[in-house]
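Counting from 1 along the sequence shown, just add 3 to a position and that's the residue number in our numbering.
Cβ coordinates follow ideal geometry from the N, Cα and C atoms, glycine included.
The structure under discussion appears below in the form of structure tokens.
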Amino acid sequence: MDGTEVVQRPVQPGETFTYRFTPPDAGTFWYHPHANETEQLEKGLYGALIVRAADELALASAEAIRWLEWGMRSYQNFALGLALLLFAAAVVRTAWVPRPIAYLMGLSGLTYLV
4 MDGTEVVQRP VQPGETFTYR FTPPDAGTFW YHPHANETEQ LEKGLYGALI VRAADELALA
64 SAEAIRWLEW GMRSYQNFAL GLALLLFAAA VVRTAWVPRP IAYLMGLSGL TYLV
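In structure tokens, the structure reads:
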């Protein structure tokens, strides 16, 4: 179940919803909202979902936490960098502000993407 508003009604404050599923593979995944996601992700509504194989040893969860924190930072940096690059490209095309400023915005976007 994806949880988007197309598939189901968002869970309202004070309500609960239980997802029941059988994962097809072992691995490290993450859960996150699809409704008002920007605000909810900034407030920390995401987490690791570790699926272990039946014969796998249980290891410390610090690695999962580091993976999740890295994933969130890289997702946010990618989104911001791409937005800055696209905005800079639009500004250069329309000559809305002087070109050097637009180029600086584009370079700022690239720093977030790298």
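Residues of its chain near residue i, where Cβ-Cβ distance is below 8 Å and the 5 sequence neighbours each way are ignored
| i | result |
| --- | --- |
| V94 | V100, I104, A105 and M108 |
CA-to-CA distance, residue j to residue i, given in whole angstroms
| i | j | result |
| --- | --- | --- |
| T7 | T31 | 21 Å |
| G17 | E42 | 18 Å |
| V9 | T97 | 36 Å |
| L48 | A92 | 33 Å |
| Q79 | P26 | 27 Å |
| G84 | P13 | 29 Å |
| Q15 | E40 | 14 Å |
| A86 | R102 | 17 Å |
| Y22 | F90 | 39 Å |
Contacting residues, own chain, Cβ-Cβ under 7 Å from residue i (five flanking each side not counted)
| i | result |
| --- | --- |
| A29 | V54, R55, A56 and E59 |
| L52 | F32, W33 and Y34 |
| L110 | none |
Within 9 Å, strictly: CB atoms of residue i and residue j
| i | j | result |
| --- | --- | --- |
| Q11 | F20 | yes |
| L88 | G50 | no |
CB-CB length for residue i against residue j, believed under 8 Å
| i | j | result |
| --- | --- | --- |
| H35 | L44 | 6 Å |
C-beta neighbour in chain C for residue i, strict 9 Å
| i | result |
| --- | --- |
| A56 | Any reference to chain C falls outside this structure, which holds one protein chain only. |
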